[in-house]
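Here the structure comes first, spelled out in structure tokens, and everything after it is commentary.
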Amino acid sequence: MTAPYGQQPPTYPAPQPPVPYPATPAWTPTPYQEPQVWAPPPQPTVHKVEERAHPLTPLVRGWFAVVAVAWAMLQERLQGRGDNTESIPWWVFVAVIGGVAALGLIAGFISWRFTRFIADETELRVESGWISRQSRRISYTRLQSVDVMQPLAARLLGLAEIRIDAGAHDSTKLRYLSRRRAYELRDFLMLRAHGAQVSVDVARAQTSDPLFADVGGADRVIVTVPPDELLLGALVSHDLLSLILGFTVPVAAVWGVATYFGHDSAAAIPVVALAGGVPLLLSIGQYFARRVMAQFNFTLAETQAGLRITRGLTNLTSQTVPVRRIQSIRLSQPLFWRPLRRYRVDLEVLGLGEATRNESTSKVSTMLLPIGTKKQVDAALAAVWPGLALDAIRYVRSPRIAVVLDPLSYSWNSFGLDDNVVVTRRGWLTRHQSIVPHARLQSVAAYQGPLERLLGLANVSFHTTGLLHTHAVIHMNADLARTLVYDEADRAMTSRDGELLR
Amino acid sequence: MPALFSPPADRWIKLSPKYAVVRIVGAIILNLLFWVPVSLLWAWVFEPRGGALGDVTSTLPFATYLQWFAAYVGIAWFVWRVYRAGRYARSWAYAERGEDLCITRGLWYKNLTIVPYGRLQIAKVDAGPLDRLLGLATVTLVTASAHSNASIPGLPAAEAERLRDRLIEVGDTLGSGL
Numbered sequence: 252m253t254a255p256y257g258q259q260p261p262t263y264p265a266p267q268p269p270v271p272y273p274a275t276p277a278w279t280p281t282p283y284q285e286p287q288v289w290a291p292p293p294q295p296t297v298h299k300v301e302e303r304a305h306p307l308t309p310l311v312r313g314w315f316a317v318v319a320v321a322w323a324m325l326q327e328r329l330q331g332r333g334d335n336t337e338s339i340p341w342w343v344f345v346a347v348i349g350g351v352a353a354l355g356l357i358a359g360f361i362s363w364r365f366t367r368f369i370a371d372e373t374e375l376r377v378e379s380g381w382i383s384r385q386s387r388r389i390s391y392t393r394l395q396s397v398d399v400m401q402p403l404a405a406r407l408l409g410l411a412e413i414r415i416d417a418g419a420h421d422s423t424k425l426r427y428l429s430r431r432r433a434y435e436l437r438d439f440l441m442l443r444a445h446g447a448q449v450s451v452d453v454a455r456a457q458t459s460d461p462l463f464a465d466v467g468g469a470d471r472v473i474v475t476v477p478p479d480e481l482l483l484g485a486l487v488s489h490d491l492l493s494l495i496l497g498f499t500v501p502v503a504a505v506w507g508v509a510t511y512f513g514h515d516s517a518a519a520i521p522v523v524a525l526a527g528g529v530p531l532l533l534s535i536g537q538y539f540a541r542r543v544m545a546q547f548n549f550t551l552a553e554t555q556a557g558l559r560i561t562r563g564l565t566n567l568t569s570q571t572v573p574v575r576r577i578q579s580i581r582l583s584q585p586l587f588w589r590p591l592r593r594y595r596v597d598l599e600v601l602g603l604g605e606a607t608r609n610e611s612t613s614k615v616s617t618m619l620l621p622i623g624t625k626k627q628v629d630a631a632l633a634a635v636w637p638g639l640a641l642d643a644i645r646y647v648r649s650p651r652i653a654v655v656l657d658p659l660s661y662s663w664n665s666f667g668l669d670d671n672v673v674v675t676r677r678g679w680l681t682r683h684q685s686i687v688p689h690a691r692l693q694s695v696a697a698y699q700g701p702l703e704r705l706l707g708l709a710n711v712s713f714h715t716t717g718l719l720h721t722h723a724v725i726h727m728n729a730d731l732a733r734t735l736v737y738d739e740a741d742r743a744m745t746s747r748d749g750e751l752l753r
Numbered sequence: 251m252p253a254l255f256s257p258p259a260d261r262w263i264k265l266s267p268k269y270a271v272v273r274i275v276g277a278i279i280l281n282l283l284f285w286v287p288v289s290l291l292w293a294w295v296f297e298p299r300g301g302a303l304g305d306v307t308s309t310l311p312f313a314t315y316l317q318w319f320a321a322y323v324g325i326a327w328f329v330w331r332v333y334r335a336g337r338y339a340r341s342w343a344y345a346e347r348g349e350d351l352c353i354t355r356g357l358w359y360k361n362l363t364i365v366p367y368g369r370l371q372i373a374k375v376d377a378g379p380l381d382r383l384l385g386l387a388t389v390t391l392v393t394a395s396a397h398s399n400a401s402i403p404g405l406p407a408a409e410a411e412r413l414r415d416r417l418i419e420v421g422d423t424l425g426s427g428l
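Protein chains in written order, with my numbering: chain A, 252 to 753; chain B, 251 to 428.
Right, dumping it as structure tokens:
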């Protein structure tokens, strides 16, 4: 028996007793009785919500094709002017762009016309397709995360896309809804995913409609990252260094060789500066712009439905992650961030199949914090696992002989344990620290190569559902590894993450 | 203190000795499919006269040996695999320990994987044509993690099925969600 949108099933009126057949032959018709109208209970009733995407959707979906064709035609026209061939007359130009725009609009309209979103008591259905119809059903209990994306074109029209992750398949996209409607639906879905029996109306009452931050009145902001921090992070990153080295090293090498063979290299300086310097400056500018634009106004907030990450200048991305779905967390610190005492935090969520680690896109990413101080990191961690006591954990380092195998990371490679989590540290160019709750471990493995066996060392790795990272302790004492691997398997079964989540 | 890969309980349960035969046949097939074409291609490229490199090869040191270098490597590797097949098959073992299954394997690169029964999502049995001929089967444990990679090849078919049924039964009672 299904309850209408989560309430207890109302008691239906008892069936009317049949009118007794009069015994007397002189039959007089009983006056017609109005059937008793069932009065709904005083709570807000929720019926099946069924709706289409926003009518402006075809415009957003079509504009990209129009721009691409216009760009191609423009290039053709500009190049055609250079040689003596007849260039394309302007009316062809306009007609082709108009045709593509019309085709795009028609295709967009057809797809819009045949797409419906239906939210009923237990599941969300997305029906689409004209020639071959598709029906996707997502049970609320299977929802992993719900993200709201606003690409620039959609944002200008006040539209947004909802992206729903459920399991390992690619995400279901609802596009496009009006921004307010998208937030409402997101809040409703996330509350349902957390098992709250709410109606659309209640979710609607809690939703706010902010233009930039997606932080509602009831939400608690944990960390915001100001643009200067983002610039700092971009400036001292390995990406920038490799970008610069990738340009300068080949140029310097060619120049050095030319000088060695007695060419007059001084004359080549302006040419080299122009040929190498301009693209280098352009790509550095692009790198900064993309990274800062993607991370702009990064806000981590705690909402009723989980953690919310909002970021972006032109494309606004809003990810909501249910805390219970977080499988592990990793802190990383690139070499040049060490003196600045900044960290980056990533998380692994089951079902974030398409997530990237890239800092420069507006796509769904694994980032919990792009750059932050120790204090901000602690605040973010406390929002995920309030019971985590990271500073109280004692770390066990590798035996001294391990210097032979990792001269640079020997002092960092270590592991630590408490009742709830196992923490592993490794890496030298970027120092990583992985935090895995015992209750989230899928399996444990120890492995040992010939050289490690000679030195009495072994590695232990902890397997979680995430594909992005491997959590491993490398080159630890082999006897200790045996104890760790068996005890960890026991802890995986006995531990519950109740204490962590509190 | 027992060594890292010594049995967790009383003893490891070894694979069927017939698994060595599977390894040897596998090595033969790999040789035919991969090393033979590679050797022939190599021999053609480095042929001292008339090969793909022309006369250049004849000026190289050990010109005549170089022509069959890939074939020598292939033969050496094949002999080594056949020689080690028995020991490799014996290195692979499993044991049930309380609430988890331990699997160990490898000679040079040793590995010990422990899968708690509660994390088991699928336990499956496969048998290829050669396995079926020898009455063997592979039991694979699938967890929610792609890294787990826990499988036990070369079990006698009856034992494989018994193990699978037992795993599913225990997994059902101990199962915990994600």
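Note that beta-carbon positions come from the ideal geometry of N, C-alpha and C, so glycine has one too. Computed from a prediction, not measured in an experiment: that's the story for all the values here.
Closer than 6 angstroms by C-beta to residue i: which residues in its own chain qualify, once you throw out the five before and the five after it? Chain order, please.
| i | result |
| --- | --- |
| VAL707 (chain A) | Going by the sequence as given, residue 707 (chain A) is Gly instead of Val. The answer, listed in chain order, is ALA729. |
| PRO293 (chain A) | Per-residue confidence for PRO293 (chain A) stands at a pLDDT of 47, beneath the threshold of 50, marking its modelled position as unreliable; the derived number appears in the next sentence. Here the set comprises nothing. |
| ILE369 (chain A) | GLU301, ARG376 |
| GLY421 (chain B) | TYR367, LEU370 |
Is it buried or exposed for residue i, if we count other Cβ within 10 angstroms and need 16 for buried?
| i | result |
| --- | --- |
| THR561 (chain A) | buried |
| GLN627 (chain A) | buried |
| LEU282 (chain B) | exposed |
| LYS360 (chain B) | buried |
| THR499 (chain A) | exposed |
| GLY350 (chain A) | exposed |
| PHE296 (chain B) | buried |
| ILE577 (chain A) | buried |
| ALA489 (chain A) | According to the sequence provided, residue 489 (chain A) is His. The question's Ala does not apply to it. Looking at its Cβ environment, which holds fewer than 16 other Cβ atoms inside 10 Å, HIS489 (chain A) is exposed. |
| TRP342 (chain B) | buried |
| SER398 (chain B) | buried |
| GLY497 (chain A) | exposed |
| PHE439 (chain A) | buried |
| GLY348 (chain B) | exposed |
| THR427 (chain A) | Note that residue 427 (chain A) is Tyr in the sequence shown here, rather than Thr. Its Cβ being crowded by 16 or more others within 10 Å, TYR427 (chain A) is buried. |
| GLN326 (chain A) | exposed |
With DSSP run on the structure shown, which of helix, strand or coil describes residue i?
| i | result |
| --- | --- |
| THR296 (chain A) | Bear in mind that a pLDDT of 47 at THR296 (chain A), under 50, signals an unreliable position, so the number given afterwards is only what the model happens to contain. Correct three-state label for THR296 (chain A): coil. |
| PRO573 (chain A) | coil |
| PRO291 (chain A) | Caution is warranted here: a pLDDT of 49 is assigned to PRO291 (chain A), below 50, making its placement in the model unreliable, and no coordinate value can be reported. |
| GLU346 (chain B) | strand |
| TYR283 (chain A) | coil |
| ALA696 (chain A) | strand |
| SER712 (chain A) | strand |
| THR675 (chain A) | strand |
| TYR427 (chain A) | strand |
| PHE547 (chain A) | coil |
| VAL345 (chain A) | helix |
| PRO379 (chain B) | helix |
| TYR359 (chain B) | coil |
| HIS722 (chain A) | strand |
| THR373 (chain A) | coil |
Can a CB atom of chain E be found closer than 8 angstroms to the CB of residue i?
| i | result |
| --- | --- |
| MET727 (chain A) | The displayed structure is made up of protein chains A and B, and chain E is not among them. |
Give every residue of the same chain whose Cβ lies closer than 7 angstroms to the Cβ of residue i, excluding the five residues on either side of it in the sequence, and list them in chain order.
| i | result |
| --- | --- |
| ILE353 (chain B) | TYR344, THR363, ALA400, ILE402 |
| THR721 (chain A) | SER712 |
| ASP657 (chain A) | ASN664, HIS726 |
| GLU411 (chain B) | VAL375 |
| GLU419 (chain B) | none |
| ALA552 (chain A) | VAL466, ASP470, ARG471, VAL472, ILE473, ARG559 |
Quick one: what's got a C-beta closer than 8 angstroms to residue i's C-beta in the same chain, skipping five residues either side?
| i | result |
| --- | --- |
| LEU405 (chain B) | LEU265, SER266, LEU386, ALA387, THR388, VAL389, LEU413 |
- Contact between the region 615-633 of chain A and the region 688-704 of chain A (3+ Cβ pairs under 8 angstroms): no
- Task: Just list the beta strand (DSSP E) runs in the region 382-424 of chain A, keeping only unbroken ones of 3 residues or longer that don't cross its boundaries, in chain order.
- Result: 385-390, 396-401, 410-416
- Three or more C-beta pairs below 8 angstroms linking the region 655-672 of chain A and the region 504-511 of chain A: no
- Message: What ranges does the beta strand (DSSP E) occupy inside the region 470-531 of chain A, keeping only unbroken runs of at least 3 residues that lie completely in it?
- Response: 471-476
- Three-pair Cβ contact test at 8 angstroms for the region 400-414 of chain A versus the region 372-390 of chain A: no
- Item | Whole beta strand (DSSP E) elements within the region 616-678 of chain A, 3-residue minimum | 618-623, 646-648, 665-668, 672-677
- Would you call the region 379-392 of chain A and the region 310-330 of chain A touching, i.e. three or more CB-CB distances under 8 angstroms? no
- Message: Assess contact between the region 564-572 of chain A and the region 537-550 of chain A, defined as three or more Cβ pairs (one per stretch) separated by less than 8 angstroms. Is contact present?
- Response: yes
- the region 519-531 of chain A / the region 581-599 of chain A touching (three or more Cβ pairs under 8 angstroms): no
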